[in-house]
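Residue numbers (the numbering used here): 1080 to 1163. Note that beta-carbon positions come from the ideal geometry of N, C-alpha and C, so glycine has one too. The structure appears right after this line, and notes come after that.
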């Protein structure tokens, strides 16, 4: 009851939208949790749900932004795992 779940068709869309939501610096958003095909946008309270939803409706992504998120550059992805 204090979060919005955004659903997408691809992980590239998730990555692009995660960047866009973070850059939007939305009032009341306390956490942004990307997953394989979704983004959970947690807000500080229910009063932030409607305004956050309205602001997200105005976020525009270009096809280029999604394509850039899908392209790992040189084709090699570096993954670092901290082992404790």
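- One Cα belongs to residue 1088, the other to residue 1124, and the distance between them is close to 28 Å.
- For residue 1082, no alpha helix (DSSP H) run applies; the uninterrupted beta strand (DSSP E) run containing it begins and ends at 1082-1086, by DSSP.
- For residue 1161, no alpha helix (DSSP H) run applies, since DSSP gives it neither H nor E.
- In the DSSP assignment, the residues bridged to residue 1121 are 1082 and 1110.
- Straight-line measurement puts the Cα of residue 1113 at about 7 Å from the Cα of residue 1093.
- Taking 8 Å as the upper bound for CB-CB distance, residue 1109 and residue 1122 are in contact here, some 6 Å apart.
- If you compare the alpha carbons of 1129, 1142 and 1095 with that of residue 1080, the shortest gap goes to 1129.
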